[in-house]
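Residue numbers (my numbering): 168 to 278.
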């Protein structure tokens, strides 16, 4: 992984929330798989977290980053609805952006 110059606490907060999200939103009969990778783009490093979770419909790709936003019931997938909002805010504090690429039933990649 390339050298990343960023606030360590914020970076850990981002990664832990995205990994937790990947572990939470996986089908009950599926073993979670998470790939963390990075790519140097000029002076920037793009970090991606890819999972084999349940996926997110395209129409919710922006909404999932809202505080307390949940697409599923607490019974289906227990969570607070805060993880992605916290990750987004931490990314913004670093002066960057976060986005998701996802396919329902296949998984998601957060960049």
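Glycine included, every Cβ here is placed at the ideal spot set by N, Cα and C.
Cβ neighbours of residue i in the same chain (closer than 8 Å, five flanking residues each side left out)
| i | result |
| --- | --- |
| residue 231 | 223, 238, 251 and 267 |
| residue 276 | 215, 216, 217, 218, 267, 268 and 269 |
Residues near residue i in its chain [Cβ-Cβ closer than 7 Å; skip 5 each side]
| i | result |
| --- | --- |
| residue 177 | 257, 260 and 261 |
| residue 187 | 250 |
| residue 274 | 217, 218, 219, 220 and 222 |
Length of the line joining the Cα atoms of residue i and residue j
| i | j | result |
| --- | --- | --- |
| residue 211 | residue 170 | 10 Å |
| residue 265 | residue 278 | 6 Å |
| residue 209 | residue 244 | 38 Å |
| residue 195 | residue 205 | 29 Å |
| residue 254 | residue 185 | 7 Å |
Supposed contact pair residue j and residue i - C-beta distance, whole angstroms, cut 8 Å
| i | j | result |
| --- | --- | --- |
| residue 228 | residue 269 | 7 Å |
Proximal residues to residue i (C-beta, below 6 Å), its chain only, five neighbours per side dropped
| i | result |
| --- | --- |
| residue 180 | 257 |
| residue 272 | 222 |
* Can you find at least 3 beta carbon pairs, one from the region 214-226 and one from the region 190-201, that sit closer than 8 Å? -> Touching, yes.
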